[in-house]
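Protein chains in written order, with our numbering: chain Z, 57 to 452; chain P, 621 to 828; chain D, 125 to 293. In this text, a Cβ means the ideal position worked out from N, Cα and C, and glycines have one as well. Keep in mind it's a predicted model, so treat the numbers as computed, not measured.
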Amino acid sequence: MSGMNVPATIDQIFILFTDWVAHFFPAAIRPIVGVVLGVIGIISVFPGLFALTTVFERKGLGRMQNRYGPNRVGPFGFFQPVADGIKALTKEDVVPFRADGVLHFLAPVVLLAAVFMGFAILPVGRNMVLVDMDAGLLFFFAMGASTELSVFMAGWSSRNKYSLLGAMRAVAQMISYEIPLLLSSVVVIMVAGTLSLPKIVEAQAGYTGIWPHWYVFTPWGLAAFLMFGIAATSETNRSPFDLPEGESELVAGYFTEYSGFKFAIFFIAEYLAMFSMSGIATTLFLGGWSAPLSFLNVLPSWFWFFSKVMCFIFIFIWVRGTLPRLRQDQLMNFAWKFVLPFTLLDLFVTALWRFMGEGWARWIVCSAILIAAYVAMGRVGMFRKNFAHRRYRYAE
Amino acid sequence: MLGEGIIKGMLETAKNFAGSYVSKERLTTVQYPEEREALPEASRNFPILIYDGPEWEAGLRCVACQICEKECPPKCILIEKSADKKPDAVGKPQFYPTRFDIDIAVCMSCQICVEVCPFEAIKMDKEFELATDDRFGGLLHDRHQLAKSNEYYHQIHPVEAAEVDARLAEERAAAAAKSKAAAEAAAAKAAAAKAGAEKPAPPAGGGA
Amino acid sequence: MSPIFYLLAAITVAGGLATVLLKNLVHCALAVTIAFLGLALLFLSLDAQFAGFVQILVYIGAVAILVVFAILLTREAEVPESSPAGRVFSKTWLTGLVIAAAVFAMLGWAVLQSAQALPNETAMPAVSVRDIGNALVGRYVLPLEIVALLLTAATIGAVIVAMHEKEAK
Chain Z
57 MSGMNVPATI DQIFILFTDW VAHFFPAAIR PIVGVVLGVI GIISVFPGLF ALTTVFERKG
117 LGRMQNRYGP NRVGPFGFFQ PVADGIKALT KEDVVPFRAD GVLHFLAPVV LLAAVFMGFA
177 ILPVGRNMVL VDMDAGLLFF FAMGASTELS VFMAGWSSRN KYSLLGAMRA VAQMISYEIP
237 LLLSSVVVIM VAGTLSLPKI VEAQAGYTGI WPHWYVFTPW GLAAFLMFGI AATSETNRSP
297 FDLPEGESEL VAGYFTEYSG FKFAIFFIAE YLAMFSMSGI ATTLFLGGWS APLSFLNVLP
357 SWFWFFSKVM CFIFIFIWVR GTLPRLRQDQ LMNFAWKFVL PFTLLDLFVT ALWRFMGEGW
417 ARWIVCSAIL IAAYVAMGRV GMFRKNFAHR RYRYAE
Chain P
621 MLGEGIIKGM LETAKNFAGS YVSKERLTTV QYPEEREALP EASRNFPILI YDGPEWEAGL
681 RCVACQICEK ECPPKCILIE KSADKKPDAV GKPQFYPTRF DIDIAVCMSC QICVEVCPFE
741 AIKMDKEFEL ATDDRFGGLL HDRHQLAKSN EYYHQIHPVE AAEVDARLAE ERAAAAAKSK
801 AAAEAAAAKA AAAKAGAEKP APPAGGGA
Chain D
125 MSPIFYLLAA ITVAGGLATV LLKNLVHCAL AVTIAFLGLA LLFLSLDAQF AGFVQILVYI
185 GAVAILVVFA ILLTREAEVP ESSPAGRVFS KTWLTGLVIA AAVFAMLGWA VLQSAQALPN
245 ETAMPAVSVR DIGNALVGRY VLPLEIVALL LTAATIGAVI VAMHEKEAK
């Protein structure tokens with residue numbers, strides 16, 4: 057095996073490892089062994105990333121707020137998730153007396169199952185996807201829709217008015233932002249011509265010179281990327297859209313009545329949903345596992361995928377540390393009056409892009425339409441709010 | 621334009637994030653318990669009893685007048701007066717407390733006991749790390765635990781201790797001067813009486 | 125009729141039975157969700173990927189939530205007591221079962237009749253999403269536009285109903 061391509065080997069190292077292990081088993085069950093190894097990989101990597109992300113988030117938010125994050129447990133506080141895990145596991149599991157026991161137990165289980173399923177179609181590297189489905193993207197959104205049901209189950213089974221309110225708000229928010237989420241991914245499907253995620257990545261894996269063909273570098277792609285980002289932030293109940301679980305509002309919203317490990321499961325599910333949304337956004341707009349510049353393909357494809365996902369996570373944390381929380385009606389207004397119309401316009405612009413054919417004309421026309429629409433909608437939105445000077449009246 | 625404020629905000633937080641690693645003025649966190657901030661001079665927590673001199677029992681300023689016990693709003697002080705008297709720092713025989721308990725779980729740090737003490741015997745300490753796992757007696761401080769030397773008092777409240785010392789010295793000087801004047805007057809009277817006894821006796825009813 | 129089919133059929137039928145027999149209304153709504161899931165898995169086992177995933181997306185992700193919201197918003201005053209003395213089934217279970225059996229019998233008879241009328245089974249054509257898309261905007265464009273109009277009317281109606289409640293105050 058001399059003269060073998062080292063970067064290509066490192067790139068495919070997990071596939072080679074899976075094949076090597078599968079050879080120990082009889083030929084009949086080799087596919088199952090391959091799938092099981094893939095599942096084990098997903099279950100070990102993504103929760104591990106989750107643990108790392110919780111520390112990064114707390115330390116990152118701390119630094120943005122001019123303070124240290126946790127720095128007691130382990131070097132620079134990086135064993136904090138271990139302490140959190142031990143705490144979650146040893147806390148008493150409180151189930152309210154009149155709560156619906158079966159639903160109360162099932163809600164976190166259903167949520168975690170639905171969120172884990174979303175990782176099955178994610179192309180983590182070249183040839184590294186657990187299940188290559190023709191309708192992969194549709195599968196992902198179907199799993200995302202299933203999470204809403206478990207949120208509702210959690211809120212209702214707690215037999216607590218405030219949990220129920222939080223659950224209703226969360227479900228309303230998730231439903232409202234699901235349409236922009238789907239529509240912004242439809243533009244990618246329109247241009248790539250396929251619902252299968254590995255094929256979408258391959259469509260973006262080309263280079264002109266050293267510049268990549270990522271969809272985010274096109275006008276419609278950038279607009280869709282921004283709208284997808286906003287909708288993804290809202291789908292996972294993440295600041296600034298985290299009113300349903302706002303820590304200073306409805307205590308913890310729909311998971312107020314959960315303690316111990318079930319609470320930890322909700323937490324894990326939220327962060328894993330964040331990872332899978334980031335993964336899909338990377339696949340659809342940022343070129344998946346392809347490197348940013350053509351000569352950087354030396355580094356393995358899974359390295360690039362995870363770097364992009366972690367960039368996304370950092371942006372999520374950054375936005376959380378910057379923006380105040382949106383009120384429920386402001387959230388819904390934003391979805392239906394800004395994000396949705398803009399996404400519909402983006403659909404039209406993408407169709408125009410394909411219709412106009414190759415050349416620089418389509419860049420100018422599409423960019424002009426999108427920028428004009430953005431500025432116009434912004435002006436219209438701001439026009440209705442009269443930011444008059446506040447007059448204070450004091451009690452005499 | 622829409623989104624301008626968000627971009628500005630995010631740049632600000634980015635500046636905070638990056639700046640917190642390079643400039644020390646941004647991170648004002650005091651890493652307790654390795655570092656401790658100095659408490660201000662006038663901060664107070666729970667009372668202590670002051671003693672002068674090397675020995676705590678002999679030099680205790682408290683004379684068990686029980687004014688602080690009566691004035692304490694939550695009644696956290698318990699004093700038992702002695703039966704005998706012992707000389708205090710200036711030599712005058714005074715009562716002393718055989719028992720002086722303060723329950724710091726009850727004490728509300730109002731400083732009224734300090735304000736009413738005529739003998740500058742009870743002052744406020746700044747010590748706050750008093751947590752204990754002995755929940756039945758650990759928070760009941762007795763006479764020995766409460767007694768702290770005057771040097772310690774100077775250490776924690778330098779300005780206040782200096783004022784107290786000056787005042788006490790003044791009082792003692794005034795007391796000493798008064799007693800000296802009284803002694804001189806008595807001596808002068810005795811000398812005058814003696815001189816009057818040596819001379820031919822004036823009409824009867826002179827010295828006694 | 126593979127074992128997978130029997131398993132999925134059992135799940136679907138169990139979900140459907142639970143829907144008509146359970147006492148707690150929200151439990152019934154969630155049981156019908158299980159029936160939807162069983163249906164979706166049946167579609168997937170027949171290799172109709174688009175139909176299966178859209179079934180999950182639309183029925184479980186939207187219709188089930190709609191049903192649950194409708195139950196909650198209209199029966200708020202009724203607090204269901206948590207299964208006293210282990211009574212799980214509703215009082216009217218026999219009626220529900222009879223009606224469900226009647227509907228099933230009618231549908232089954234209709235399907236079997238049409239199966240007799242059809243010629244022998246031919247090989248199933250592989251239908252891709254692209255074919256569905258082409259058919260929707262080619263041959264079936266009129267139903268598509270009518271459905272879009274219907275959805276718009278429903279949305280406007282919902283907005284108007286919600287708005288009137290505000291104005292009445």
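Taking 8 Å as the CB-CB limit, is Met388 (chain Z) close to chain D? Residue 388 (chain Z) sits at position 332 when you count from the first residue of the first sequence. No, its Cβ sits nowhere closer than 8 Å to a Cβ of chain D.
Mind checking if Ile699 (chain P) is an interface residue toward chain Z, Cβ cutoff 8 Å exclusive? Locating residue 699 (chain P) in the second sequence gives position 79, counting from the first residue. Not closer than 8 Å to any Cβ of chain Z, the Cβ of Ile699 (chain P) fails to qualify, so no.
Can you tell me whether Asp385 (chain Z) is buried or exposed, with buried defined as 16 or more other CB within 10 angstroms of its CB? Stepping through the first sequence from its first residue, residue 385 (chain Z) is reached at position 329. When all chains shown are included, Asp385 (chain Z) counts as exposed.
Would a check of beta-carbon distances place Asp188 (chain Z) closer than 8 Å to chain D? Numbered from its first residue, the first sequence carries residue 188 (chain Z) at position 132. No, its Cβ sits nowhere closer than 8 Å to a Cβ of chain D.
Check whether chain D comes within 8 Å of Trp212 (chain Z), counting only Cβ atoms and requiring the distance to be less than that. Within the first sequence, residue 212 (chain Z) is the residue found at index 156, counting from 1. Cβ-Cβ to chain D under 8 Å: yes for Trp212 (chain Z).
Using the beta-carbon count (16 or more within 10 Å), is His151 (chain D) buried or exposed? Residue numbering aside, residue 151 (chain D) sits at position 27 when the third sequence is read from its first letter. By the neighbour-count rule (16 or more Cβ atoms within 10 Å), His151 (chain D) is buried.
Who are the neighbours of Leu205 (chain Z) on chain D, taking C-beta pairs under 7 Å? Translated into positions along the first sequence, residue 205 (chain Z) becomes position 149. Correct list: Thr157, Ile184, Ala188, Ile189.
So, is the C-beta of Leu181 (chain D) closer than 8 Å to a C-beta in chain Z? The residue labelled residue 181 (chain D) in the question sits at position 57 within the third sequence. So yes, Leu181 (chain D) belongs to the interface.
Between which two residues does the alpha helix (DSSP H) harbouring Thr109 (chain Z) extend? The residue you call residue 109 (chain Z) lines up with position 53 of the first sequence. Run containing Thr109 (chain Z): 86 to 120, per the alpha helix (DSSP H) assignment.
CA-CA distance, Leu163 (chain D) and Pro103 (chain Z)? By 1-based counting over the third sequence, the position of residue 163 (chain D) is 39. By 1-based counting over the first sequence, the position of residue 103 (chain Z) is 47. If I take the Cα positions, the gap works out to 31 Å.
In whole angstroms, what is the alpha-carbon distance linking Glu661 (chain P) and Thr378 (chain Z)? For this step, residue 661 (chain P) is matched to residue 41 along the second sequence. For this step, residue 378 (chain Z) is matched to residue 322 along the first sequence. So the alpha carbons of these two residues sit roughly 38 Å apart.
With DSSP collapsed to three states, give me the class of Thr633 (chain P). Along the second sequence, read from residue 1 onward, the residue named residue 633 (chain P) stands at position 13. Looking at Thr633 (chain P) - three-state DSSP - the assignment turns out to be helix.
Under 8 Å, with one C-beta from each stretch per pair, do the stretch 168 to 182 of chain Z and the stretch 317 to 337 of chain Z reach the 3-pair mark? yes
At what residues does the beta strand (DSSP E) containing Thr274 (chain Z) begin and finish? Taking the first residue of the first sequence as position 1, residue 274 (chain Z) is located at position 218. Note, Thr274 (chain Z): premise wrong, no beta strand (DSSP E); not H, not E.
Quick check: the Cα distance between Ala828 (chain P) and Ala678 (chain P), rounded to an integer number of angstroms? To locate residue 828 (chain P), count along the second sequence from 1; it is residue 208. To locate residue 678 (chain P), count along the second sequence from 1; it is residue 58. With a pLDDT of 44 at Ala828 (chain P), under the threshold of 50, the predicted position of this residue should be treated as unreliable, and no value is reported.
So which of Z:Arg86, Z:Ala144, Z:Arg225, Z:Met246 has the shortest CA-CA distance to Ser315 (chain Z)? What you label residue 315 (chain Z) is simply residue 259 of the first sequence in a count that begins at 1. Checking every option, the nearest Cα to that of Ser315 (chain Z) belongs to Z:Ala144.
Using a 10 Å radius around the Cβ and a threshold of 16 neighbouring Cβ atoms, would you call Pro267 (chain D) buried or exposed? Locating residue 267 (chain D) in the third sequence gives position 143, where the first residue counts as 1. When all chains shown are included, Pro267 (chain D) counts as exposed.
According to the neighbour-count rule (16 or more other Cβ atoms, all chains shown, within 10 Å of its Cβ), is Met744 (chain P) buried or exposed? Reading the second sequence from its first residue, position 124 is the one you call residue 744 (chain P). By the 10 Å Cβ count, Met744 (chain P) comes out buried.
Is the CB of Ala201 (chain D) under 8 Å away from at least one CB in chain Z? Here residue 201 (chain D) is taken as the residue at index 77 of the third sequence, counted from 1. Caution applies to Ala201 (chain D), whose pLDDT of 44 falls short of 50 and renders its modelled position unreliable; the value that the coordinates give is listed next. Chain Z, which has no Cβ nearer than 8 Å to the Cβ of Ala201 (chain D), makes this no.
Chain Z beta carbons: is any one of them nearer than 8 Å to that of Arg646 (chain P)? Counted from its first residue, the second sequence places residue 646 (chain P) at position 26. Interface residue, yes.
Counting only Cβ-Cβ distances shorter than 9 Å, please list the residues of the stretch 413 to 441 of chain Z near chain P, keeping chain order. Tyr430, Val431, Met433, Gly434, Arg435, Gly437, Met438
I want to see whether chain P comes within less than 8 Å of Lys374 (chain Z), judged by CB atoms only; does it? If you number the first sequence from 1, residue 374 (chain Z) lands on position 318. Here the sequence assigns Trp to residue 374 (chain Z), which means Lys is not the residue at that position. Closer than 8 Å to some Cβ of chain P, the Cβ of Trp374 (chain Z) qualifies, so yes.
Going along chain D, which residues have a C-beta under 8 Å from Leu251 (chain Z)? Here the question's residue 251 (chain Z) lines up with position 195 in the first sequence. The answer, in chain order, is Val253.
Apart from the five residues on each side of it in sequence, which residues of its chain come closer than 8 Å, Cβ to Cβ, to Arg383 (chain Z)? Residue mapping note: residue 383 (chain Z) aligns to position 327 of the first sequence, counting from 1. So the list reads Leu299, once near-sequence residues are dropped.
Beta-carbon of Leu239 (chain Z) versus every beta-carbon of chain D: anything under 8 Å? For this step, residue 239 (chain Z) is matched to residue 183 along the first sequence. With 8 Å as the cut-off, Leu239 (chain Z) does not count as an interface residue toward chain D.
In its own chain, which residues sit with a C-beta less than 8 Å from the C-beta of Arg681 (chain P), not counting the 5 before and 5 after it? Taking the second sequence and counting its residues from 1, the one referred to as residue 681 (chain P) is at position 61. Hits under 8 Å: Leu669, Ile670, Tyr671, Asp672, Asp708, Ala709, Phe739, Glu740, Ala741.
Hey, is Ser643 (chain P)'s beta-carbon within less than 8 Å of any beta-carbon in chain Z? To locate residue 643 (chain P), count along the second sequence from 1; it is residue 23. No, its Cβ sits nowhere closer than 8 Å to a Cβ of chain Z.
Could you pull out every residue in the same chain whose Cβ sits closer than 8 Å to the Cβ of Val257 (chain Z), ignoring the five residues on either side in sequence? The residue labelled residue 257 (chain Z) in the question sits at position 201 within the first sequence. Only Pro179, Thr339, Gly343, Gly344, Trp345, Ser346 meet the Cβ criterion.
With a cut-off of 8 Å on the beta carbons, I'd call Cys692 (chain P) and Ile732 (chain P) a contact; round off their distance for me. Along the second sequence, one-based indexing puts residue 692 (chain P) at 72. Along the second sequence, one-based indexing puts residue 732 (chain P) at 112. Indeed they touch by this definition, with Cβ atoms about 7 Å apart.
Where does Ile697 (chain P) land, buried or exposed, given buried means 16+ other C-beta within 10 angstroms? Counting from 1 along the second sequence, the entry for residue 697 (chain P) is found at position 77. Looking at its Cβ environment, which holds 16 or more other Cβ atoms inside 10 Å, Ile697 (chain P) is buried.
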